[in-house]
Structures are given as structure tokens and as C-alpha cells.
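Structure, as C-alpha cells:
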Amino acid sequence: ANVKRRHQPMIRANIFKKPLDSTILNKLDDFICTFLDPSPLRRSIDPEHSMSGYFAPAEELPPTACIEVAVKGGGGPLPSCLDGAYIRNGPNPQFVVAEGRRQPYHLFDGDGMLHMIRISGGKATTFCSRFVKTHKHTVERENGSPFVPSPFSSFNGIATSLSRCMLTAARVLTGQFDPLNKGLGTANTSVALLPGGGGGANLFALSECDLPYEIKVTEEGDIVTLGRHDFHSSSSSSSNNNNNNNNNNKNNNPLLFLNMTAHPKVDEKTGETFAYRCNTTRPFLTMFRIDPDGRKQKDVHVHSLKENTIIHDFSVTENFCVFVDTQIVVNPLSVLRGRPPVGVDRAKVPRLGVIWKYAEDDSRMWWTEAPGLNMFHSVNAWEEDGGATIVMVVTNALQVEELFESIGLAQLRLEKITIDVKAQTLQRQPLSTKLLEFGVINPAYAAKKNRYVYAAMIGPKGIDGIVKLDLSLTHKDGHVDCVVASHLYRPGCCGGEPFFVPKEPNNPSADEDDGYLVTFVTDENNGESKFVVMDAKSVTLDIIAAVKLPCRIPSGFHGLFITEGDLNKV
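For what it's worth, our numbering labels the leading residue of the sequence shown as 6, then goes sequentially.
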């Protein structure tokens, strides 16, 4: 049977005694949903659609044993290089909307849930699913229902928008939640392992609208949330359990350090982490470094970004950071006109900006127009010709206005961009005619010239396969498509972002594609989910091993394989 949204009344926690003002505000929220939200809701925020199928939410699961599945009559042990943990992040609402209720919900609204499989000695030991215990998750659990507003689903008409703004202000004034000091993010986008000093590391769940949340993997194979982390930028050494003071006193920054990209980049040579944040007021973009000891350094404000733009990802090379000023813009005043604050400006011409990654300010940053370039993810970037040329591989949304409505309609394609740093010009080359997203490489080639890219194929309902692209194939040689291998899942199955794990990570002479692709795949026909391992060298990306998970998991976003050695550093 198809996996559908669980039709049950919205969960109302009664283990907490709610004060009268909370009860009244909840009643007002119910009134807005029932009488002010439009009917019908548009498809992308209608829970009948956004909480069904591959994205139907799952429950938390403590560490539970897994079952290995024989593939092609084999089975055998899992590859020895898979010794550690694979963790994938994604949106998963902790409350399910009752059938017939018009509670708007967008996929991006979901609370962050981490799904982790532990592997040791060639065997999968345990699997668990845990919410990231964000401030949003905590206060909504105490309230018994969701109430933190979303830029994607909460503002649907003037009456609805103004009512929700006033209701949110009332919740803040009554102390129900504290977005300024404790954030309002979901931590539902990615997982990152960043240097933490003394040879150690910190593990994070991230979303771009908040600070990262530090997490830890226990010896029992569970995941615990340690709290928001500000990289020692405030007067306290780090935040914990939502008691963070984000004053950033040490850097004397005029802007509070309230959020950070979900896609920071680590320079393996120096141990530094490069990151940025988008701001709702000028300057709209701020970049910064985190030193090898895990301490945030001075802000570098990019004043040449003219408006509040959603920059979801960026590229970092040996010497440069590259940003794309897309057509996706944020205008908080749109709420007063009854429209979502996030929208698309079709009249805007996107720009690509290049800045030295150790710049003290943006005075020498340059921009060039890049019509039609709405970069969503950066796969890799490197320098050629002694730094005179930058090469980027990115995901571009050709129909960007559909990006928040349906990923299939957004026409996501992979592109290779070649930048002449001296002439400040660029050339673009499409890499495939297929709809592709979540491109990854062998992590050892980050910021270095690489040959192979692995990406998820976008089908009508979700990710229906994986492809391998060879970047050495060019249009000059008569190639119109760089795809050299592919694997389609069975009908009714949906996968996710692949992650490349090298077979011999300590062998410098190993082939770039000598390794495995790992991901989760869910079969909508029977509600089963598996952890699958593919041979990255195979022309059909053969699945060589699979592990049946003890529960069904929904589709998600970004994941990370962490070796046992790196887990011991956390």
C-alpha cells in the first residue's frame, strides 16, 4: 500500500500544564487556520500533499538492530571502509495535521530529524531516528502544537499575514518563545563535521536560518542534541541547550551572530572553516572564517550585495570565495501585503561575485552578470592556470519560480562554470540534459580539480536514481551529455543524496572513483527503507549491499558518512 500521511488529530501534549495565555493564543491560531487561511491551500503548503507519500513524517526511534539484505544472491559483509556512521538530515514535523484541517505546512518547515546507521566490522549494528532538539522543537512540544511562523507557508493573504504577525508578537511578549536569543530555526538541512581544536571536532545539524546545533553520537548508537553553538563568538565559550547569548562582543560586530549557512566549507590544508550568513538588513551578506580551534573570526561585510537575497550555498577554492546573487529575494514588508517574504524577482539579472577568501573587506570584490544563473548547490570548485581561472560545478534552477512549489518543476540541471579572474568574465556549459540535484564528489577532491560527479536524478515524485558524470567530456569533443553511468531504482522507490566513501582513503594513488556511494532508499509500495551501497566504478552503479532499516524513513536532504576515527574526535 502507498505510504500516506497519517490521518490523526493534531498531537496536543497534555503532560505540560499550559498557562491561560498559551491556551488563548492556541485558540486564536486555530481561528486563523479555520477561517482566514485560503481554501483550498496551494499544493506546496497543503498537508494532504506535503505530508504524504515519500515525505510522510516518521516517529523517533531509539537505537534498534538492523537486518542485512542479500543482493544478487550475495550479501557478504559490508565494505571494510564503511566503519563508522552514516547520518542524514531532513524535515520531519513533530505534529501531524488532522485530516480536513487547513494548517499550512511546507516541506521546508519540518523539524530537523537525523537518521543514523552505525556500521562496525562489516556489519550494520544499529539504526536510530532522532529530532534535533532545537528551541523551536522544544517550545512547540511544550505548547502541544506548532506555532513558530514560516516564511514559506504562514503568510497567505493580508488578514492571515497580519493576524499571524500579531499572534507571534503576543507569544514573544508573553515569554512563550525567545527567537532573538534562542533562535527559531529547524536544523533540518545538513550535517557537518568541523574542526574543533586540539585535534578534536564538532558535529552539527544545520539550517541557514539559525546557528548550528551541536550533536553527539553516543556509544549506544544514539544521537543527542547538545545545543546551539556560536563558535565562541559571544562572551560565553559556547552555547548550550538554548541558553545562548549572541552578543558577539569579541568581534565588536554591529550585527548579532544569529544564523549561518548550512553549507560551510573546510579547508583541509589549514583546518579553517569558511562560512557566511545572509542578513535581513544591510549588509545583506557577511562572510567569516572559523579557525582550526573552532573560534569564529572577524566578520567581513559584503556591502556590494544590493538586496536581501537567498544564497543557499557558495564555492570556495584555494584563494577565493564565489557567491551567486540569485533571483530569490527576501522582502519582510511583503508580509504586510499578504504575501510570503520569500519570492522570485524575474526582472532581476543574477550576478556572480568573487572575493579573496582572506579579504578584510569587500572593496576588491567584483561582480559580473550571469543571466539565468540561480545556483542552488555548489558541487565543487577549483583553480587552474595559477589562480587565473576558477572552475565551478553547480546545480542551477532553470525554473526558479517553481523551486518552492515542486522540485521536479524547478528544472534543476548541473552546470560547469569557467571564470576568467583577470577579465572578470565567465563561460557556462550544461553537463547533462537530465534533471539532477544533490551532486557530490570524492571528498578528497574538495577544492581540487576532479573528474567525477555523482548526482541524484529527479523524477516526477522524487529522486528515482543516481548518475555518474565525467567532467573530462566536453562539447568540443562532441559530447552533449557527460553522464557515463546510471542506476534507476525500482518503480515506487525514492532515494536521496548519495555520499561517496573512498575504498582506500589513505592511498594517495587510488583512482578517484574507487569507492562506494551510500544513501537511503524508501519503497513506497511496502513502506520499507534500506541503506544501500553502490559500486561507484560500475557502469550501472551496482548495489553491492543493502541493509533493511527497522522503520520507514521519509525523504530528506543532506547526509554525511563519518569514519569511526572521526567519531572518536567528537
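Just so you know, even glycine gets a beta-carbon here, dropped at the ideal spot from N, CA and C.
Legend entry - Same chain only: Cβ atoms within 8 Å of residue 382, ignoring 5 sequence neighbours per side: Reading the sequence shown from its first residue, position 377 is the one you call residue 382. Correct list, in chain order: 268, 317, 318, 399, 400, 442, 443, 444.
Inset, instruction - Pick out whichever of 436, 137, 130, 561 has its Cα sitting closest to the Cα of residue 412. - result: The count along the sequence shown starts at 1 and reaches residue 412 at position 407. Among 436, 137, 130, 561, the Cα nearest to that of residue 412 belongs to 561.
Inset, instruction - Please say whether residue 188 and residue 227 have beta carbons closer to each other than 8 Å? - result: Your numbering for residue 227 matches position 222 in the sequence shown. Your numbering for residue 188 matches position 183 in the sequence shown. Against a cut-off of 8 Å, the Cβ pair of residue 188 and residue 227 comes out as no contact.
Legend entry - For residue 292, the first and last residue of its enclosing beta strand (DSSP E): By 1-based counting over the sequence shown, the position of residue 292 is 287. Element bounds for residue 292: 290-295.
Inset, instruction - Within the same chain, show all residues whose beta-carbon is closer than 6 Å to that of residue 26, passing over the 5 residues directly before and after it, in chain order. - result: As a first step, residue 26 is located in the sequence shown; it is residue number 21 there, counting from the start. If we look at residue 26 and ignore the five residues flanking it on each side, its Cβ neighbours are 179.
Inset, instruction - Spell out a yes or no on whether the region 354-372 and the region 325-341 are touching, meaning 3 or more CB-CB pairs, one atom from each, closer than 8 Å. - result: yes
Inset, instruction - Pull up the CB-CB distance for residue 181 and residue 229, whole angstroms please, since I reckon it's below 8 Å. - result: For the purposes of this step, residue 181 is taken as the residue at position 176 of the sequence shown. For the purposes of this step, residue 229 is taken as the residue at position 224 of the sequence shown. Going by Cβ atoms, the distance from residue 181 to residue 229 rounds to 25 Å, so no, they are not a contact pair.
Inset, instruction - Count the other C-beta atoms from every protein chain shown that fall within 10 angstroms of the C-beta of residue 308, then say buried if there are 16 or more, exposed otherwise. - result: Within the sequence shown, residue 308 is the residue found at index 303, counting from 1. Counting Cβ neighbours within 10 Å, residue 308 comes out exposed, since fewer than 16 surround it.
Inset, instruction - Evaluate residue 315 with the Cβ neighbour count: other Cβ atoms within 10 Å of its Cβ, from every protein chain shown; 16 or more gives buried, anything less gives exposed. - result: For the purposes of this step, residue 315 is identified with residue 310 of the sequence shown, where counting begins at 1. With 16 or more Cβ atoms within 10 Å of its Cβ, residue 315 is classed as buried.
Inset, instruction - Flag this pair as yes or no: are the beta carbons of residue 393 and residue 402 separated by less than 8 Å? - result: Your numbering for residue 393 matches position 388 in the sequence shown. Your numbering for residue 402 matches position 397 in the sequence shown. Not a contact, by the Cβ cut-off of 8 Å.
Legend entry - Bridge partners - residue 462, DSSP secondary structure assignment: Residue numbering aside, residue 462 sits at position 457 when the sequence shown is read from its first letter. Answer is 441, 470, bridged to residue 462.
Legend entry - Residue of 550, 454, 157, 153 minimising C-alpha distance to residue 172: Position 167 of the sequence shown, counted from the start, is the residue given in the question as residue 172. Ranking the options by Cα distance to residue 172, first place goes to 153.
Legend entry - C-alpha gap between residue 223 and residue 101, whole angstroms: Looking up residue 223 in the sequence shown gives position 218. Looking up residue 101 in the sequence shown gives position 96. Straight-line Cα distance between these residues: approximately 29 Å.
Legend entry - Beta-carbon proximity of residue 345 to residue 132, cut-off 8 Å: The residue you call residue 345 lines up with position 340 of the sequence shown. The residue you call residue 132 lines up with position 127 of the sequence shown. The answer is no: Cβ separation not under 8 Å.
Inset, instruction - Rank 150, 233, 391, 276 by C-alpha distance to the C-alpha of residue 203 and give the top, closest one. - result: Position 198 of the sequence shown holds residue 203. The option with the nearest alpha carbon to residue 203 is 276.
Legend entry - residue 38 (DSSP reduced to helix, strand or coil): Along the sequence shown, one-based indexing puts residue 38 at 33. Correct three-state label for residue 38: helix.
Inset, instruction - Go ahead and label residue 361 buried or exposed: buried means 16 or more other beta carbons lie within 10 angstroms of its beta carbon, across all protein chains shown. - result: Position 356 of the sequence shown, counting from 1, holds the residue named residue 361. Exposed: under 16 other Cβ atoms inside 10 Å.
Legend entry - residue 540, enclosing beta strand (DSSP E) - first and last residue: Along the sequence shown, read from residue 1 onward, the residue named residue 540 stands at position 535. 533-540 is the span of the beta strand (DSSP E), which, as asked, contains residue 540.
Legend entry - Buried or exposed by the 16-neighbour rule on C-beta atoms within 10 Å, applied to residue 60: For this step, residue 60 is matched to residue 55 along the sequence shown. Residue 60 is buried by the Cβ-count criterion.
Legend entry - Alpha-carbon to alpha-carbon, residue 371 and residue 526: Here residue 526 refers to the residue found at position 521 of the sequence shown. Here residue 371 refers to the residue found at position 366 of the sequence shown. So the alpha carbons of these two residues sit roughly 42 Å apart.
Legend entry - Simplified DSSP assignment, three categories, for residue 72: Counted from its first residue, the sequence shown places residue 72 at position 67. Looking at residue 72 - three-state DSSP - the assignment turns out to be strand.
Inset, instruction - Return the Cβ separation of residue 487 and residue 437 in integer angstroms, given the expectation that the two are a contact with Cβ distance under 8 Å. - result: As a working note, residue 487 is residue 482 in the sequence shown. As a working note, residue 437 is residue 432 in the sequence shown. That pair is a contact at about 6 Å.
Inset, instruction - Reducing DSSP to helix, strand and coil, say where residue 572 ends up. - result: Start at 1 with the first residue of the sequence shown, and residue 572 comes out as number 567. Residue 572: helix per DSSP, three-state reduction.
Inset, instruction - Using beta-carbon positions only, say whether residue 217 and residue 206 come within less than 8 Å of one another. - result: Here residue 217 refers to the residue found at position 212 of the sequence shown. Here residue 206 refers to the residue found at position 201 of the sequence shown. Their beta carbons are not under 8 Å apart, which means residue 217 does not touch residue 206 by this criterion.
Inset, instruction - Tell me whether residue 422 sits in a helix, a strand or coil according to DSSP, three-state version. - result: Here residue 422 refers to the residue found at position 417 when the sequence shown is read from its first residue. Reduced to three states, the DSSP call for residue 422 is strand.
Inset, instruction - Check the Cβ-Cβ distances between residue 220 and every residue of chain D, and say whether any is below 8 Å. - result: In the displayed structure, chain D is absent; only one protein chain is listed.
Inset, instruction - Rank 85, 166, 93, 125 by C-alpha distance to the C-alpha of residue 40 and give the top, closest one. - result: In the sequence shown, residue 40 corresponds to position 35, counting from 1. Comparing Cα positions, the closest option is 166.
Inset, instruction - State the Cα-Cα distance for the pair residue 194 and residue 111, rounded to the nearest angstrom. - result: Translated into the one-based positions of the sequence shown, residue 194 becomes position 189. Translated into the one-based positions of the sequence shown, residue 111 becomes position 106. Those two C-alpha atoms are separated by around 14 Å.
Legend entry - Three-state secondary structure (DSSP) of residue 186: As a working mapping, residue 186 is identified with position 181 in the sequence shown. In the structure shown, residue 186 sits in a helix (DSSP, three-state: H, G or I).
Inset, instruction - Hey, could you find the ends of the alpha helix (DSSP H) residue 147 is sitting in? - result: On the sequence shown, residue 147 is found 142 positions in, with the first residue counted as 1. Segment 140-148, the alpha helix (DSSP H) holding residue 147.
Inset, instruction - Please confirm whether residue 86 and residue 510 have their CB atoms less than 8 Å apart. - result: The residue you call residue 86 lines up with position 81 of the sequence shown. The residue you call residue 510 lines up with position 505 of the sequence shown. Contact flag set, yes.
Inset, instruction - Determine the closest residue to residue 71 out of 88, 128, 30, 33, with distance taken between C-alpha atoms. - result: Walking along the sequence shown from the start, residue 71 turns up at place 66. The shortest Cα separation from residue 71 among 88, 128, 30, 33 belongs to 128.
Inset, instruction - Could you spell out the range, first to last residue, of the beta strand (DSSP E) harbouring residue 4? - result: The structure shown does not extend to residue 4, since the chain is modelled only from 6 through 575, so no value can be given for it.
Inset, instruction - Whole angstroms is fine: what's the gap from residue 78's alpha carbon to residue 457's? - result: In the sequence shown, the residue the question calls residue 78 occupies position 73. In the sequence shown, the residue the question calls residue 457 occupies position 452. For residue 78, the predicted model reports a pLDDT of 46, less than 50, meaning its position is unreliable and no value from the coordinates is stated.
Legend entry - Classification of residue 310 by the beta-carbon crowding that lies within 10 angstroms, buried from 16 upward: As a position in the sequence shown, residue 310 is number 305, starting the count at 1. Its Cβ being crowded by 16 or more others within 10 Å, residue 310 is buried.
Legend entry - N-terminal and C-terminal residue of the beta strand (DSSP E) that residue 507 is part of: The residue given as residue 507 occupies position 502 in the sequence shown. 504-507 is the span of the beta strand (DSSP E), which, as asked, contains residue 507.
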